[in-house]
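99 is the number that UniProt numbering gives to position 99 of the sequence shown; each next residue is one higher, with no gaps.
Positions of the beta carbon are idealized from the N, C-alpha and C atoms, including for glycine.
Contents: one structure, followed by commentary.
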Amino acid sequence: MSRPAQPQDILLMFDRPTEPIFMPKGDNNNVAFDVPASLLDNRINADAGLVNRLGAGEADDHVQVKPIALPDLTIPQSLSRDQNFSLFIPLHRKAAGRLIEILMGMRNIDDLVSMSAACRERVNPYLFNYALSVALLHRPDTRNLRIPPLFEAFPDKFVDGSIFNKARQESEIFLSGSRQPLEIPIDYTASDLDIEHRVAYFREDLGINLHHWHWHLVYPFTGPRNLVDKDRRGELFYYMHQQIISRYNFERLSNKLARVTRFLNWREPMPEGYFPKLDSLVSSRVWPPRHANALIRDVNREVDQLKVDIADCERWRDRFYDAIHQGTVLMPNGNRELLTEEKGIDVLGNLMEASILSVNMNVYGDLHNMGHVLISLCHDPDGSNLETFSTIGDPATAMRDPMFYRLHSFVDDIFQEHKSTLPRYDVNRLGYNGITIRSVDVETSGAPKNEFRTFWKKDDVDLSRGIDFTPRGNVFARFTHLQHTDFIYKIQADNSTNSPKVGTVRIFLAPKFDERGVNMLFRDQRLMFIELDKFTVTLKPKSNTIQRKSTDSSLTIPFERTFRDLQSNRPTAGAALEQFNFCGCGWPQHMLIPKGTPEGMPCELFVMISSYDDDKINQNIEGACADAASFCGIRDKLYPDKRSMGYPFDRMPRDGVNTLTDFLTPNMFVQDVSIKFTDRTVGVQGGDEPNRLT
């Protein structure tokens, strides 16, 4: 006897994505969808006993899927079921936008389950996963569901392809509970003969790549306009990617590498090759590698209905610089819109990302997306070899490729050109009358004061929901990733007024020296500052001690949301569950602090307390997930900080400021700190244990 569908049932649609919808789902194989014949493939309907032979009859829990009239799926089905899917390719983007519209348009859960079941059988699995994820995040009746991390459905985007044969062997031979985790070596994509491999631990980190994917789920750039048009999303596109580049450069300096060079000349060879060692379980093909010194060529691929020339991108780039230097963008009606101090970066961000919010795509084009496309298809620009795009062509895998950082350094350079035209922050816009920071210290367990500690750590992820047609039960892969010892900030601040003052504490970190070992000028160092935290405090008159745990950062999501403990220790009801569920977007906690060096990398910790009256947004955010608001905003709310993103480092300094010390006002403080890396590996720990090197 089947029961009516519940909202959480739809999450089972993500399980084992290439298996038919009617095969049993869930951890214990105990849930089956009873799908009407009208929604199934004709070949399945022709075999009367097939559904029972594949185990559906053995399931304890049967979910009723009601018949539904199918809409025109021509556009979503323009992508075949065994193709790779890329949001950067306009045809794929159009298919995703249409499928999101269909799923968002369902009146209730019953209709959504029925339509999802029908689409799951008919459209590309990658496309279906993306569109359903976006729809569930934005529908009022499903918004509190926990979207499974992408690695659960498609571990092939994150895990060495050779692991899947081993996983199948482990599943066939051993029962669940007695299976051994499958070790993934930290050096599986290259050797140290390739100097770029020194930072592969950052580029290939599971949590970082999941962050990039999830950010694009929360901020889709195609689909119904009300999903795309979010507060300051263009500016957030700029800031989130700018911070990624700053963090990548920080890691490069930690590994004795120069900062990344911008990809300025698109007609020169790309010295950086990349061999991802990933297999696509949907297309049964390897992800194409890129050899060193490959050249970008004009793309003209019939299979993707895609034609773009290098000259197109160069023309779009020049138009961006023209707009920035003129201070206006050309509108479709021939008028010009000012790039204002407050909104200009948001307009440029939407133009650059080329979301549907772009005010004039005919003139400013699709520069960012086509940059990804040209690089990702340099090995087969005309499709003559029937090869798909490389990893930089998919948001879930793009950050693995060294060229991602060169491309986004070029993109950020355009944004910085705009920032250089804006009025400098004078002392009045930086200071906070009556507030003085006396001292800042970092306390790390087992380390001297003002020393961060980093090391390697192993953790497990469950592959079983993404490996189709295998015995059920957990199969774990064991990753090695960077981790740091938990720490506490201690800030001493004075309030010389007679009344309490509310302020925003802003904490940033930057290297003290450049790749030559020389002190950086402020104009260069400001682009190296990575945000660590931002929070509100009330300062009583006279002296105040502020303490803040690193695990409370406004930037990050907790470690457990990336790794193994996704099903355990979860809240069961109410607001706590809602908060837990939405906070899938955020920088991974284990990558908050860069690697540093064995001898201790000298850095500068910058702390500022700004006036809350100038920062605040008047809105109620109770019950909203604001855990990682710095990069992800708050759902259905305004961005929770009125200042420009990256303030106070988002603009060139005022006259007379050459160094960080020159920049300071009394409500700021800089503390010399160091990051000491220990080349040891800590094994898998319980979810509640503090992170430390023992």
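Item                                                                                                                                        : Value
In this structure, how does DSSP classify S86 when only helix, strand and coil are distinguished?                                           : coil
Closest to D187 by C-alpha separation, out of L127, L555, L264 and F479, would be which residue?                                            : F479
May I ask you to report which of helix, strand or coil DSSP gives T142?                                                                     : coil
If you draw a straight line from the alpha carbon of R3 to that of Q64, how long is it in whole angstroms?                                  : 6 angstroms
Taking only three categories from DSSP, how would you classify F582?                                                                        : The predicted position of F582 is uncertain, since its pLDDT is 46 and thus under 50; a value taken from the coordinates is nonetheless stated next. Residue state, collapsed to three classes: helix.
Give the straight-line distance between the Cα atoms of F508 and A95, rounded to the nearest whole angstrom.                                : 41 angstroms
Using a 10 Å radius around the Cβ and a threshold of 16 neighbouring Cβ atoms, would you call L527 buried or exposed?                       : buried
What three-state label does DSSP hand C632 in the structure shown?                                                                          : helix
What are the boundary residues of the alpha helix (DSSP H) that T340 is part of?                                                            : Counting along the chain, T340 falls outside any alpha helix (DSSP H), and DSSP gives it neither H nor E.
Specify the secondary structure class of M115 as computed by DSSP and reduced to three states.                                              : helix
Buried or exposed, going by whether 16 or more other CB atoms sit within 10 Å of the CB of R232?                                            : buried
Given that a residue counts as buried once 16 or more other Cβ atoms are within 10 Å of its Cβ, and exposed if not, what is D298?           : exposed
Pairing CB atoms from the region 426-443 with CB atoms from the region 341-361, are three or more of them under 8 angstroms?                : no
Roughly how many angstroms separate the alpha carbons of R247 and L555, rounded to a whole number?                                          : 13 angstroms
Just list the residues that DSSP pairs I546 with in beta bridges.                                                                           : I491
Could you check the C-alpha separation between D413 and Y238 for me, to the nearest Å?                                                      : 10 angstroms
Contact check, A396 vs L150 under 8 angstroms by CB: the rounded distance?                                                                  : 6 angstroms
Pick from L693, F677, K676 and I675: whose alpha carbon is nearest that of G683?                                                            : L693
I need the boundaries of the beta strand (DSSP E) containing K458, first residue and last residue.                                          : E451 to D462
With distances taken between CB atoms, is the gap from Q547 to N691 smaller than 8 angstroms?                                               : no
With respect to the alpha helix (DSSP H) encompassing P395, which residues constitute its N-terminal and C-terminal limits?                 : It is not in any alpha helix (DSSP H) - P395 carries neither H nor E in the DSSP assignment.
Helix, strand or coil: how does DSSP classify V159 here?                                                                                    : coil
Is the CB-CB distance between M601 and I208 below 8 angstroms?                                                                              : no
In its own chain, which residues sit with a C-beta less than 8 angstroms from the C-beta of K676, not counting the 5 before and 5 after it? : A447, E451, F452, R453, T454, G596, T597, P598, E599, G600 and M601
Alpha carbon to alpha carbon, what distance is there between D514 and T659?                                                                 : 13 angstroms
Is the region 369-378 in contact with the region 287-304, if contact means three or more CB pairs nearer than 8 angstroms?                  : yes
For Q483, write down the residues that DSSP places opposite it in a beta bridge.                                                            : F455
Starting from V440, trace the alpha helix (DSSP H) both ways and give me its first and last residue.                                        : First-last for V440: I435 to T444, but that is the beta strand (DSSP E), not the alpha helix (DSSP H).
Check whether the Cβ atoms of N369 and F669 sit closer than 8 angstroms, and answer yes or no.                                              : no
Can you round the beta-carbon distance between A131 and L99 to whole angstroms, since I take them to be within the 8 angstroms contact cut? : 4 angstroms
With distances taken between CB atoms, is the gap from residue 705 to L374 smaller than 8 angstroms?                                        : Missing from the structure shown is residue 705; the chain here goes from 1 to 694 and no further.
Using a threshold of 7 angstroms, is the CB atom of F677 nearer than that to any non-hydrogen atom of the ligand GDP?                       : Among the components modelled here there is no ligand, and therefore nothing to report on the ligand GDP.
In angstroms, rounded to a whole number, what distance separates the CA positions of R93 and F476?                                          : 33 angstroms
What does DSSP give as the partner residues of W587 in its beta bridges?                                                                    : T556
Considering just the uninterrupted stretch of the beta strand (DSSP E) at N300, what are its terminal residues?                             : V299 to R301
Give the secondary structure of I530 by DSSP, where H, G and I count as helix, E and B as strand, and everything else as coil.              : strand
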